[in-house]
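K.L.:
For the sequence shown, this note's numbering gives the first residue as 663, with consecutive numbering after it.
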Amino acid sequence: MAEKNSLRIDNRWFNLRIALLAAAFLILNAVAGNLYLIIKGSIYPTVHTIIELTSIIAAMSVSVMSWYEHRYRGDLRSLVLSAVFCMVGLLDMAHALAYLGMPDFIGANSVNKASTYWILARITQSLGMLIAVCAWARPYRGRGAGLVLLSSATAAAVAAYYTAVWIKWLPPMYDAVQKVQTPLKIGLEYMVMAVMAVTAAIILKKTRKSRSDFLLAAALIAGIMSELAFTFYSNAYDVYNLLGHAYKIISFTFILKALVDEGLAMVYQSNRELEIKSEELARMNSQLSIADGLKNDFLANTNHELRTPLSAVVAFTELLLDEENTGRLNEVQRDYLKEVNDSSRELMGKINSLLELSGILGGKMVLRKERLTLDEVVGATVLAHEDSFRKKCVGLEAKYAGEAQIFADREKIASILANLLDNALKFTDPGGSVKVVTGLDIVRHKAFFSVSDTGVGIEPEHFKAVFEIFYQADGTSTRRYGGTGIGLALAAKLAEMNGGAIELESQYGKGSKLTVILPLYEEVQ
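#1: What residues are listed by DSSP as bridge partners for T1100?
#2: By a C-beta neighbour count over all protein chains shown, 10 Å radius and 16 as the cutoff for buried, is G790 buried or exposed?
#3: Output the boundary residues of the beta strand (DSSP E) element that contains D1071.
#4: Does the separation of the CB atoms of L1156 and I1078 fall below 8 Å?
#5: Relative to the C-alpha of K1074, which residue among V1040, K1061, A756 is closest?
#6: Please work out which residues of its chain come closer than 6 Å, Cβ to Cβ, to K1097, disregarding the five sequence neighbours upstream and downstream, and give them in chain order.
#7: Who are the Cβ neighbours of Y823 in its own chain at under 7 Å, not counting the five residues just before and after it?
#8: Tell whether a beta-carbon distance below 8 Å holds between Y1175 and S1095.
#9: Can you name, in chain order, every residue of its own chain whose Cβ lies under 8 Å from the Cβ of V810, other than the five neighbours on each side?
#10: Tell me the residue span of the beta strand (DSSP E) that contains A1060.
#11: Anyone know if the C-beta pair for E889 and V854 falls short of 8 Å?
#12: Please classify T1138 as buried or exposed, where buried requires at least 16 neighbouring CB atoms within 10 angstroms.
#13: Can you check DSSP and say which residues form a bridge with R1033?
#14: Please report how far the alpha carbon of N1201 lies from the alpha carbon of K1000, in whole angstroms.
#15: Assuming D754 and A783 are in contact, meaning their beta carbons sit under 8 Å apart, how far apart are those beta carbons, in whole angstroms?
#16: Pop quiz: I911 and A720 are said to be a contact at Cβ under 8 Å. What is the actual Cβ separation, rounded to whole angstroms?
#17: Going by the beta-carbon positions, is the gap between M887 and F747 smaller than 8 Å?
#18: Count the CB pairs spanning the segment 1051-1066 and the segment 1012-1031 that are closer than 8 Å, and state whether there are at least three.
#19: Just to confirm my understanding: we take A880, look at its own chain, exclude 5 residues before and 5 after, and list those with CB closer than 6 Å. What are they?
#20: Tell me whether the segment 1047-1058 and the segment 1081-1089 touch, counting them as touching only if at least three CB pairs, one residue from each stretch, are closer than 8 Å.
#21: May I have a chain-ordered list of the beta strand (DSSP E) segments no shorter than 3 residues that lie completely inside the segment 926-962?
#22: Quick check for students: name the residue ranges of the alpha helix (DSSP H) that lie wholly in the segment 817-845, counting only runs of 4 or more.
#23: Would you mind reading off the limits of the beta strand (DSSP E) that contains E1165?
#24: I believe L1009 touches L972 by the beta-carbon criterion, under 8 Å. Please report the beta-carbon distance rounded to the nearest angstrom.
#25: Spatial neighbours of L792 within its chain, please: CB distance less than 6 Å, with the 5 preceding and 5 following residues excluded, ordered by chain position.
#26: To which residues does DSSP link L1180 through a beta bridge?
#27: What is the residue span of the alpha helix (DSSP H) that D754 lies within?
#28: On the CB-based measure, 16 or more other CB atoms within 10 Å of its CB, does P765 come out buried or exposed?
#29: Considering only C-alpha positions, which residue in the set P1092, V750, L1017, S940 is nearest to A817?
#30: For P1092, which beta-bridge partners are listed by DSSP?
#31: Give me the residue from K1108, E967, Q1169 with the minimum Cα distance to N1014.
#32: Where do the N-terminal and C-terminal ends of the alpha helix (DSSP H) with R873 fall, by residue?
#33: DSSP three-state label for P707, please.
#34: Would you identify the three-state DSSP class for D1004, choosing helix, strand or coil?
#35: Smallest Cα separation from H1107: which of V820, Y730, Y1183?
#36: If we count the other Cβ atoms within 10 Å of its Cβ and call it buried at 16 or more, is A1154 buried or exposed?
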């Protein structure tokens, strides 16, 4: 049994309890000897069948529970117990069916036949428990575990059949003429007791003992007492025979109790470990939430700090470019100032995107939704980007398909389209084209606008990931095309906040199409 999952027992109390249990069993044997009686032949077969049926159920229960314990823990001991008690259950069934007074089982029933099955079952049980205790928690996760159990059941069934067929040629266990057990049978009973005693001694020698150890040791002592009772009986229906069967049930019950206790202990241990891990995860999540909040605050504060001087750069470069107020500039000066202004505006756009993203992540963004004409918002944004497309020699075409009315935040819808246009421009080479289309999705009763490009496209395995923050489908794209990897992530989150979504269609090497689906005004009113 898994020691870490079982309740520890002090060695002194362990030995005392084992001694008291053995003493109680010996007293019971003495009482049975003083009250010796033979039970009526018309009653005992029925009583015997009930007792054996109980022990068979117990043995099979031990086998099944041990099998599932092996599946869970992957130890050799559980596999051995499962195989052994499967064999014991089948041999005990043959013993019950072959008992004197029962209908014939593969030939005439007799005390000798039933005794032969009994001793086969007890030898199997004693040797199996010795192997199991020696194996203890040794790991075994071989693929042949199921084959071991099947082979054991097959071996027990074959042994039961051929024992009945060859019973006349096998050494007798009971002398029907003298009506006594043979010396061989008694000797085998003592051998079984010796094996069980050795197994119990191995458990008692352990320095750290658990409740499962106590129950296994108790089962072995009950098994020894069962065999001892069977060395005394002289009649198949006498009190010693009955007592031996009762001890066997007690022995199986102790083993079953040990398995149940360990199963419950493992469940408790697993639940406790899950509770500890849940508490640790809760603490970690709390710490991560605090850290995430600090990060968002830092981003927001940093972005604000960057915007202030950058706004001054943009304003003063525009003033310098205004020749009516600042005087004439030569071509070189004008080009330099325009480069500074354009770069500053580009940087301002990235800072604004970061600021919006940090606001969304921090839960601080407030939408100002209103009734909007989609074509109007899209048209204004496209117009603001025409100069950028012209400079890169990328065509920009817009097609407006109607007067779709939406209920959304004007600034955020414009920001979505701006990010999609910037993304399309970034990944489309000079000579390529970008097309913006607005319209109504009649099937879904939604408004939409789409941005199609003839750029590099996106491979299917990257479709979901491109909407994650800081993700870029190709690590080399940062060096080749630039960018921060937040444009599509920001667009997707803004679309979601406005009750919409973004759909992606792309063919690698041929271009991409991003469609923003938005609810119509009448749908949200």
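From the three backbone atoms N, C-alpha and C, an ideal C-beta is built for every residue, glycine too.
P.N.:
This is what the structure gives:
#1: On the sequence shown, residue 1100 is found 438 positions in, with the first residue counted as 1. T1100 is bridged to F1111.
#2: Position 128 of the sequence shown, counted from the first residue, corresponds to residue 790. G790 should be labelled buried.
#3: Within the sequence shown, residue 1071 is the residue found at index 409, counting from 1. 1067-1071 is the extent of the beta strand (DSSP E) around D1071.
#4: Here residue 1156 is taken as the residue at index 494 of the sequence shown, counted from 1. Here residue 1078 is taken as the residue at index 416 of the sequence shown, counted from 1. Their beta carbons are under 8 Å apart, which means L1156 touches I1078 by this criterion.
#5: Within the sequence shown, residue 1074 is the residue found at index 412, counting from 1. The shortest C-alpha separation from K1074 is found at V1040.
#6: On the sequence shown, position 435 is the one that residue 1097 refers to. These residues qualify, in order along the chain: E1059, S1114.
#7: Here residue 823 refers to the residue found at position 161 of the sequence shown. Here the set comprises I768.
#8: Within the sequence shown, residue 1175 is the residue found at index 513, counting from 1. Within the sequence shown, residue 1095 is the residue found at index 433, counting from 1. For clarity, residue 1175 is Lys in the given sequence; the question names Tyr instead. Result no, Cβ atoms of K1175 and S1095 do not sit closer than 8 Å.
#9: To locate residue 810, count along the sequence shown from 1; it is residue 148. So the list reads L741, A745, once near-sequence residues are dropped.
#10: As a first step, residue 1060 is located in the sequence shown; it is residue number 398 there, counting from the start. Start and end: 1057-1061.
#11: Residue numbering aside, residue 889 sits at position 227 when the sequence shown is read from its first letter. Residue numbering aside, residue 854 sits at position 192 when the sequence shown is read from its first letter. In contact: E889 and V854 (Cβ atoms closer than 8 Å).
#12: Residue 1138 sits at position 476 when you count from the first residue of the sequence shown. Caution applies to T1138, whose pLDDT of 48 falls short of 50 and renders its modelled position unreliable; the value that the coordinates give is listed next. Classification for T1138: exposed.
#13: Counting from one through the sequence shown, the residue named residue 1033 turns up at place 371. Answer is F1069.
#14: Shown here, the chain extends from 663 to 1187; a query on residue 1201 therefore has no answer.
#15: Numbered from its first residue, the sequence shown carries residue 754 at position 92. Numbered from its first residue, the sequence shown carries residue 783 at position 121. Right, their Cβ atoms sit about 5 Å apart.
#16: Translated into the one-based positions of the sequence shown, residue 911 becomes position 249. Translated into the one-based positions of the sequence shown, residue 720 becomes position 58. With 8 Å as the limit, I911 and A720 qualify as a contact, their Cβ atoms being about 7 Å apart.
#17: Working through the sequence shown from its first residue, we reach residue 887 at position 225. Working through the sequence shown from its first residue, we reach residue 747 at position 85. No. Outside cutoff.
#18: no
#19: If you number the sequence shown from 1, residue 880 lands on position 218. Same-chain partners within the cutoff: L683, F916.
#20: yes
#21: none
#22: none
#23: Here residue 1165 corresponds to residue number 503 of the sequence shown, with the count starting at 1. From DSSP, the beta strand (DSSP E) with E1165 extends over 1163-1169.
#24: Position 347 of the sequence shown, counted from the start, is the residue given in the question as residue 1009. Position 310 of the sequence shown, counted from the start, is the residue given in the question as residue 972. At roughly 6 Å, the Cβ-Cβ gap stays under 8 Å, so L1009 and L972 are in contact.
#25: As a position in the sequence shown, residue 792 is number 130, starting the count at 1. For L792, where only same-chain residues beyond five positions count, the Cβ hits under 6 Å are V857, T861.
#26: Along the sequence shown, one-based indexing puts residue 1180 at 518. Answer by DSSP bridge pairing, in chain order: A1109.
#27: Position 92 of the sequence shown, counted from the start, is the residue given in the question as residue 754. Segment 738-759, the alpha helix (DSSP H) holding D754.
#28: On the sequence shown, residue 765 is found 103 positions in, with the first residue counted as 1. With fewer than 16 Cβ atoms within 10 Å of its Cβ, P765 is classed as exposed.
#29: The residue labelled residue 817 in the question sits at position 155 within the sequence shown. The shortest Cα separation from A817 among P1092, V750, L1017, S940 belongs to V750.
#30: By 1-based counting over the sequence shown, the position of residue 1092 is 430. The partner list for P1092 (beta bridge, DSSP) is empty, contrary to what the question assumes.
#31: Position 352 of the sequence shown, counting from 1, holds the residue named residue 1014. Of the candidates K1108, E967, Q1169, the one whose C-alpha sits nearest the C-alpha of N1014 is E967.
#32: Residue mapping note: residue 873 aligns to position 211 of the sequence shown, counting from 1. Taken as a continuous stretch (DSSP letters only), the alpha helix (DSSP H) holding R873 covers 873-894.
#33: Position 45 of the sequence shown holds residue 707. Residue state, collapsed to three classes: helix.
#34: Position 342 of the sequence shown holds residue 1004. DSSP places D1004 in helix when its eight states are reduced to three.
#35: By one-based count along the sequence shown, residue 1107 stands at place 445. Checking every option, the nearest Cα to that of H1107 belongs to Y1183.
#36: What you label residue 1154 is simply residue 492 of the sequence shown in a count that begins at 1. Per the 10 Å Cβ criterion, buried.
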